[in-house]
Each structure stands twice: as C-alpha cells, then as structure tokens.
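Chains as they are written, first to last, in my numbering: chain S, 1 to 96; chain G, 97 to 489.
Where is the CB? At the ideal position from N, CA and C, for every residue including glycine.
Here the structure is a predicted model, which means the values were calculated and not measured.
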Amino acid sequence: MMGWKEIPPGMVILEPGSALKVKTGSWRAAYRPRWIEENCIQCLLCWLYCPDNSVKVKDGKREDFDFDYCKGCGICALECPGKKGNKAIVMEEEVK
Amino acid sequence: MTKIVAVTGNEAVANAFRQIEPDVCAAYPITPQTELMQRFASFVSNGQVKTELILVESEHSAMSACIGAAAAGGRVATATSSQGLALMWETLFIASGFRLPIVMPVVNRALSSPINIHCDHSDAMGARDSGWIQLWSENAQEAYDNTIQAFRIAEDMDIRLPVMVCYDGFIISHSIERIEYFDDEIVKKFVGEYKPLYPLLDIENPKSFGPLILTDLYHEVRKAHSEVYKNVPKVVLKVAKDFEKISGRKYGLFESYMLEDAEIGIVILNSAAGTTKDVIDDYRNKGVKVGLLKPRLFRPFPYAEIGNALKHLKALCVLDRADAFGGSFGPLYLDVAASLCNFDQKPILINRIYGLGGRDYMPEHAAGVIEELRKIAKTGKVKSLKEYIGVRE
Ligand code: SF4
Ligand code: SF4
Numbered sequence: 001m002m003g004w005k006e007i008p009p010g011m012v013i014l015e016p017g018s019a020l021k022v023k024t025g026s027w028r029a030a031y032r033p034r035w036i037e038e039n040c041i042q043c044l045l046c047w048l049y050c051p052d053n054s055v056k057v058k059d060g061k062r063e064d065f066d067f068d069y070c071k072g073c074g075i076c077a078l079e080c081p082g083k084k085g086n087k088a089i090v091m092e093e094e095v096k
Numbered sequence: 097m098t099k100i101v102a103v104t105g106n107e108a109v110a111n112a113f114r115q116i117e118p119d120v121c122a123a124y125p126i127t128p129q130t131e132l133m134q135r136f137a138s139f140v141s142n143g144q145v146k147t148e149l150i151l152v153e154s155e156h157s158a159m160s161a162c163i164g165a166a167a168a169g170g171r172v173a174t175a176t177s178s179q180g181l182a183l184m185w186e187t188l189f190i191a192s193g194f195r196l197p198i199v200m201p202v203v204n205r206a207l208s209s210p211i212n213i214h215c216d217h218s219d220a221m222g223a224r225d226s227g228w229i230q231l232w233s234e235n236a237q238e239a240y241d242n243t244i245q246a247f248r249i250a251e252d253m254d255i256r257l258p259v260m261v262c263y264d265g266f267i268i269s270h271s272i273e274r275i276e277y278f279d280d281e282i283v284k285k286f287v288g289e290y291k292p293l294y295p296l297l298d299i300e301n302p303k304s305f306g307p308l309i310l311t312d313l314y315h316e317v318r319k320a321h322s323e324v325y326k327n328v329p330k331v332v333l334k335v336a337k338d339f340e341k342i343s344g345r346k347y348g349l350f351e352s353y354m355l356e357d358a359e360i361g362i363v364i365l366n367s368a369a370g371t372t373k374d375v376i377d378d379y380r381n382k383g384v385k386v387g388l389l390k391p392r393l394f395r396p397f398p399y400a401e402i403g404n405a406l407k408h409l410k411a412l413c414v415l416d417r418a419d420a421f422g423g424s425f426g427p428l429y430l431d432v433a434a435s436l437c438n439f440d441q442k443p444i445l446i447n448r449i450y451g452l453g454g455r456d457y458m459p460e461h462a463a464g465v466i467e468e469l470r471k472i473a474k475t476g477k478v479k480s481l482k483e484y485i486g487v488r489e
C-alpha cells in the first residue's frame with residue numbers, strides 16, 4: 001500500500017489506461033446485458049455510451065461484452081437502435 | 097522604471113492582470129469586484145491582452161471553468177466577492193486538492209443575510225479552510241503588489257496551490273489612491289513564463305485528474321496535502337525578497353508596527369490597520385508603548401512566527417471584521433490565540449468585532465481599544481472577552 005510520501009501532487013494519475021486494473025464488474029447488481037449479434041448494425045453507440053470498458057471493439061467491429069467492467073447499468077441497451085426495431089442488446093436477470 | 101498614478105484598488109489589480117496576461121480568466125460580476133473584471137474585460141476587447149475571457153452564468157461555473165483551464169495547462173485567474181465566493185465554495189476545495197495555481201482577488205464584502213454590498217471579512221473567512229493561500233492587503237498598492245507576487249507564489253513548483261488576494265470592498269476597491277505601477281516588462285519578467293505541471297492538453301502523455309479515493313488511501317492523500325502548506329511561508333518570503341529588488345518595498349508574513357518594545361498590542365487585517373497605525377502614532381507621542389501586527393499571509397497561518405512576535409505583550413486585542421456565529425470568538429482571534437497558547441509568557445487576550453457590513457472603523461474606535469488594553473495591562477482584569485465595538489445600544 002502507498003504511504004503518504006509517495007502521493008503525487010494533486011493525485012494526478014500519470015499512467016494511461018490504469019482504470020483497467022480496477023474490475024468494476026464486481027459492482028454489477030441485478031441485470032446484465034446480452035448481445036444479439038444478428039440484430040447488430042455495428043453503429044458502436046453502445047461503445048460510446050458505456051461508462052466503463054465493457055464494450056470491446058476490434059478492427060472497428062463490436063465484440064462481445066467484457067463482464068469484468070460491466071456494472072449492469074443498462075445504458076447500452078437503452079441507446080442501442082438495433083435492426084428494424086429489434087434491439088441488439090437486452091438486459092437479463094443476473095443468475096447467481 | 098515606475099509610473100505614479102492615482103487609481104482605485106480595482107483598477108490597480110486589473111492593471112496587474114493586464115501586465116501578467118493570464119491565459120484564461122473565467123469570471124462572473126459581483127459588487128464590489130465588478131469594476132475589476134469590467135476593466136480587465138476592456139483590455140481583452142481592446143486587444144491589449146490575448147487572455148481567453150470566459151463569461152459564465154455563475155461563480156460556481158467560473159471556478160469550475162478555471163479549474164478546467166488550469167488542469168489543461170494554462171495560467172488562470174478570476175476574482176470575486178461575498179456571495180460569489182460562497183457559491184464557489186465546493187469547487188474551491190477541488191482547485192486546491194488538484195494543486196492548481198489559480199490566482200483570485202477577493203474583494204471583501206459582507207455575506208447575506210441581510211444583503212449588504214459593503215466591506216467585512218466574512219466572505220474570505222468562510223473560505224479560510226479551503227486550502228487556498230490567502231494574502232491580505234491594507235491598501236491599493238498592497239493589492240497590486242500582492243496580486244503580482246501571488247502568481248509567483250501559486251506557481252512555485254514546491255507548492256502549486258491557488259492563492260486569494262484579499263482587499264477591502266469599496267474602502268480600497270473603489271477609493272482612489274496613489275499607486276506605483278511597474279513597467280509591463282518588469283512585471284512580465286518577474287512572473288516569468290508559465291510552466292504547467294501535468295497539463296491535460298499534453299496529449300502525448302495522457303493523464304487523469306480527480307480519481308475516486310476511498311478508505312484505503314484518502315487519509316494518506318490528506319496528510320500529503322497538509323505537508324505542502326509547510327513550504328508556503330518559505331516561498332512567500334523568497335518571492336517577497338525578489339519583489340523588494342524590483343520595488344524597494346518590503347513584504348513579510350506579517351507587518352510589525354512598533355511592536356518590539358510594546359507592552360500592549362492590536363492585531364488587525366487590511367485597511368483598518370492603516371487607521372490603527374495613525375492612532376498608535378498619537379499614543380506613542382504620549383509615551384504609551386503600543387504596537388500592531390497586521391497579518392499578510394493568513395493562510396497558511398504562520399503560528400510560530402506570530403506567536404513569537406506577540407508573546408512579550410501584557411495585553412492584546414484581536415480585532416475581527418467577521419463574527420463566527422455560535423463559535424467562541426472571531427476567526428482571526430482564534431488563530432492568534434492558538435499561536436500563543438503554548439507559550440508560558442503570553443498576553444491577556446481580548447476580541448473585538450468591528451466594521452461589519454461596511455460600518456466605518458474610526459480613530460476613536462482604535463483609541464477606545466488602546467485605552468481598554470492599558471487598563472487591562474495595569475490591573476490584569478478583563479471586563480469582557482468578546483464584544484462588538486462601534487455598535488448602537
Ligand atoms: S450495462 Fe452499462 S456497464 Fe454494462 S456494458 Fe452496458 S453500458 Fe456498459
Ligand atoms: S448499439 Fe446496438 S446496434 Fe449499435 S453496435 Fe451496439 S449492439 Fe450493435
């Protein structure tokens with residue numbers, strides 16, 4: 001653990017991307033998103049709106065969720081336009 | 097080279113801003129600060145400075161924009177008074193916690209309610225524990241000089257903290273006085289080029305401000321933060337020494353006036369110190385050994401130095417231009433008393449509240465306090481520890 005003498009001025013974090021070390025997915029409560037690939041139009045709105053790192057994109061294409069960072073907030077499901085009115089993200093009850 | 101002019105305190109500070117030319121100013125008008133920012137705004141619109149002036153919808157936004165601009169890597173200034181400072185309160189702690197060297201003149205004005213636009217110190221006293229350095233100024237010259245020094249103090253790499261420069265609303269902000277202005281070049285050289293620390297706009301080196309820190313580290317962060325304030329007096333004195341070289345004017349952590357051989361003394365901030373010094377001169381001519389201490393660096397409060405400067409007195413009155421409702425004494429008194437409490441030899445202390453909401457502080461008020469202190473020094477008896485003076489029964 002860090003002692004007070006090691007604290008950087010203003011607590012500025014100088015290491016980029018260090019939030020990856022904190023797996024906020026452990027906070028997820030009742031619901032988790034499920035991606036339905038056949039309804040996905042690859043608009044990447046889910047990636048844009050997700051408050052954490054759980055929507056993965058590779059070579060400009062959406063991949064499945066990374067649940068290490070998903071808090072189950074449902075913003076992605078709300079924003080997802082889907083295909084012809086069929087959502088590509090649905091929220092489902094978390095199975096413990 | 098200096099130029100001697102007759103200007104208001106606000107005009108002098110606006111001129112200091114023009115000479116320093118901060119990268120960003122975000123401000124909202126409030127009496128009695130308005131004239132300062134209005135004058136600076138005309139420097140901006142006349143093209144005399146390249147400062148980005150952001151007009152915001154409130155002081156909360158003004159300070160928020162200043163924090164953003166300073167974190168981005170700019171030299172940043174703003175100014176406020178009274179309710180404006182109160183509205184900034186939440187964000188003041190963020191500016192100091194982020195160690196952003198923002199400079200903010202606070203043109204002291206009473207707080208509501210009742211609403212009042214005139215001078216007292218309740219605004220700045222309310223923000224005294226926000227982590228901002230506070231420099232207090234007796235007159236327009238000191239307000240101008242402190243503003244110039246504030247940038248160097250704030251930006252010193254050993255501290256990197258925001259600074260408030262306090263001066264009395266209307267009494268100083270709107271009265272015309274004789275001021276010595278430096279040439280622009282001298283000021284620009286004195287403050288030097290701004291060196292940002294961890295600028296967000298340095299996109300080659302991404303960084304994050306404002307992390308969430310919980311029970312595992314917050315206590316350590318605050319301990320580290322409290323240590324920084326120990327470096328402040330040293331930096332203030334170093335900057336004052338450099339400032340003396342260009343101005344011939346001496347600044348310290350506080351001003352001592354006829355204090356060394358004094359038996360009784362007064363501690364008082366800002367413009368009322370001037371009136372008090374005049375009255376002290378009269379009493380000295382009559383052979384009364386009275387002196388004065390006027391704090392300049394009020395935050396961080398230089399406890400050891402102030403305690404040492406006052407401990408030899410027999411009786412001491414701390415005059416507060418702000419009350420601390422429901423607390424024991426006025427805010428200045430509390431710090432002075434704490435500075436003295438561990439000395440074996442120390443004066444008998446009293447606290448007098450004066451000048452709230454712009455009530456005039458007259459020579460007879462200072463004389464009344466001196467007469468009371470003479471009695472206390474002679475008899476050792478105190479009638480009341482805390483009392484309002486200049487108040488109608
Ligand atoms: S539920 Fe919330 S956290 Fe999880 S992927 Fe969707 S937007 Fe991100
Ligand atoms: S918002 Fe919906 S449609 Fe757009 S990329 Fe994400 S899952 Fe696919």
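Minimum Cβ-Cβ distance from residue i to chain S less than 7 Å
i: Ser-304 (chain G); result: yes
i: Glu-316 (chain G); result: yes
i: Lys-410 (chain G); result: no
i: Lys-284 (chain G); result: no
i: Phe-194 (chain G); result: yes
i: Pro-307 (chain G); result: yes
DSSP three-state assignment for residue i, whether helix, strand or coil
i: Leu-152 (chain G); result: The sequence given here places Val at residue 152 (chain G); Leu does not occur at that position. Val-152 (chain G) falls in the coil class under three-state DSSP.
i: Asp-64 (chain S); result: strand
i: Phe-350 (chain G); result: strand
i: Met-221 (chain G); result: helix
i: Lys-407 (chain G); result: coil
i: Arg-380 (chain G); result: helix
i: Asn-39 (chain S); result: helix
i: Gly-426 (chain G); result: coil
i: Asn-99 (chain S); result: What the structure shows of chain S is the stretch from 1 to 96, and residue 99 (chain S) is not part of that stretch, so it cannot be assessed.
i: Cys-262 (chain G); result: strand
i: Glu-234 (chain G); result: coil
i: Ile-41 (chain G); result: The structure shown does not extend to residue 41 (chain G), since chain G is modelled only from 97 through 489, so no value can be given for it.
i: Met-200 (chain G); result: strand
i: Pro-391 (chain G); result: strand
i: Glu-281 (chain G); result: helix
i: Ala-29 (chain S); result: coil
i: Ala-123 (chain G); result: strand
i: Arg-171 (chain G); result: coil
i: Gly-486 (chain G); result: coil
Proximity test, Cβ basis, 7 Å: residue i and chain G
i: Ile-75 (chain S); result: no
i: Gly-85 (chain S); result: no
i: Leu-14 (chain S); result: yes
i: Trp-35 (chain S); result: no
Whole-angstrom C-beta distance between residue j and residue i, which should lie under 8 Å
i: Ile-275 (chain G); j: Val-101 (chain G); result: 5 Å
i: Gly-10 (chain S); j: Gly-193 (chain G); result: 7 Å
i: Glu-94 (chain S); j: Arg-34 (chain S); result: Not really, about 11 Å apart at Cβ, beyond 8 Å.
i: Leu-196 (chain G); j: Ala-167 (chain G); result: 6 Å
i: Val-120 (chain G); j: Thr-147 (chain G); result: 7 Å
i: Gly-426 (chain G); j: Ala-433 (chain G); result: That pair is no contact at about 10 Å.
i: Ile-213 (chain G); j: Val-324 (chain G); result: Not quite, the Cβ-Cβ distance comes to about 35 Å (not below 8 Å), so this is no contact.
i: Gly-105 (chain G); j: Ser-271 (chain G); result: 7 Å
Chain G contact residues for residue i, given Cβ-Cβ distances below 7 Å
i: Pro-9 (chain S); result: Arg-195, Arg-256 and Leu-293
i: Trp-4 (chain S); result: Glu-316, Lys-319 and Ala-320
i: Met-91 (chain S); result: By Cβ distance, chain G contributes nothing, its closest Cβ being about 25 Å from Met-91 (chain S), past 7 Å.
Partner residues on chain S for residue i, Cβ-Cβ distance less than 7 Å
i: Leu-313 (chain G); result: Met-2
Check: residue i C-beta below 6 Å from any heavy atom of ligand 4
i: Ala-88 (chain S); result: You won't find ligand 4 in this model; what it holds is ligand 1 and ligand 2.
CB contact check: residue i to chain C, cutoff 7 Å
i: Ile-190 (chain G); result: Looking for chain C here will not work: the only protein chains present are S and G.
Which residues, in order along the segment 422-434 of chain G, keep a beta-carbon less than 7 Å from a beta-carbon of chain S?
Nothing from the segment 422-434 of chain G brings a Cβ to less than 7 Å from some Cβ of chain S.
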